[in-house]
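Residue numbers (the working numbering): 1 to 241.
Beta carbons are placed, not taken as given, at the ideal position from N, Cα and C, and that holds for glycine.
Heads up: the structure comes next, in structure tokens.
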């Protein structure tokens, strides 16, 4: 089972990184990225270190998470230098406001009422090409709340892309074991039964203002985004990593 999780983590990160880079390489002006429930993700720093160009990178998470991230960044000279000397810390040491990086604290259930105004006051521009990221985040929300985010983006942005990574197939063998393990830890995937497969995931967006949607599973991501030359290294990583 542990090897399976290693495999999924490797493929997931490679697939997401490939899609993000493809988005940034599209020649249609300035771009911004908004990571929902970013946690301790380091993609902003990785992109900056690899000289990828973008207008601004926003991250959102609960204040108890962002406070820890702020503390980590403050203590790390390299991370602080990447953000820049002009960056400010505010909202009780839970937020960072930089020239191309913004870490906001908040609850995604208040996305429209609270977070959108604060995003816009920190540089979010509805006219720009925007990539939204959600890695195992919205599936923990009640669909009534997460669908408001999907609908708002579909209705208010002309050039938006949403990369979502979520668990599916709750009723197959792997899904049943996964849900049992999560239940034992008092963790609930509130959206998994509303959108249990690829087709329902696509319909979720197409029925809420989006003009195009694609959904693939981990096997397809492996075939599409993992270079064949890396397959042997990938297997070694899974077995020995």
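Limits of the unbroken alpha helix (DSSP H) element including residue i
i           : result
residue 130 : Residue 130 -> not in any alpha helix (DSSP H); beta strand (DSSP E) instead, spanning 129–135.
residue 43  : 43–49
residue 82  : 77–83
residue 223 : 218–225
Whole-angstrom C-beta distance between residue j and residue i, which should lie under 8 angstroms
i           : j           : result
residue 182 : residue 189 : 7 angstroms
residue 97  : residue 109 : Not really, about 23 angstroms apart at Cβ, beyond 8 angstroms.
residue 166 : residue 187 : Contact doesn't hold; Cβ gap of about 14 angstroms is too wide.
residue 222 : residue 11  : 5 angstroms
residue 60  : residue 35  : 7 angstroms
residue 124 : residue 58  : 6 angstroms
residue 8   : residue 218 : 6 angstroms
residue 119 : residue 33  : About 12 angstroms; that fails the 8 angstroms criterion.
residue 148 : residue 111 : 7 angstroms
residue 196 : residue 170 : 6 angstroms
residue 95  : residue 66  : 6 angstroms
residue 225 : residue 15  : 5 angstroms
residue 137 : residue 37  : 3 angstroms
residue 54  : residue 31  : 5 angstroms
residue 82  : residue 40  : Actually they do not touch by this definition, with Cβ atoms about 15 angstroms apart.
residue 21  : residue 52  : 7 angstroms
Residue-level contact to chain D via CB, residue i, 8 angstroms cutoff
i          : result
residue 53 : The chain labelled as chain D is not found in the depicted structure, where only one protein chain is given.
Residues that DSSP places opposite residue i in a beta bridge
i           : result
residue 199 : Residue 199 is not bridged to any residue.
residue 61  : 105
residue 56  : 32
residue 247 : Examination of residue 247 is not possible in this model, given that the chain is present from 1 through 241 alone.
Proximity to residue i [Cα-Cα], best of the options
i           : options            : result
residue 62  : 73, 115, 55, 20    : 115
residue 130 : 93, 75, 200, 23    : 23
residue 84  : 144, 136, 101, 148 : 101
residue 27  : 128, 105, 200, 142 : 128
residue 150 : 92, 121, 118, 207  : 207
residue 210 : 155, 93, 145, 135  : 155
residue 215 : 168, 29, 68        : 168
residue 157 : 92, 126, 227       : 126
residue 145 : 74, 191, 205, 93   : 191
residue 107 : 122, 135, 75, 64   : 64
N- and C-terminal bounds of the beta strand (DSSP E) containing residue i
i          : result
residue 26 : First-last for residue 26: undefined, no H or E at that position.
residue 31 : 31–36
Exercise for review: Give, in chain order, every unbroken run of the beta strand (DSSP E) that is at least 3 residues long and sits entirely within the stretch 107–192.
Suggested key: You should have 129–135, 160–165.
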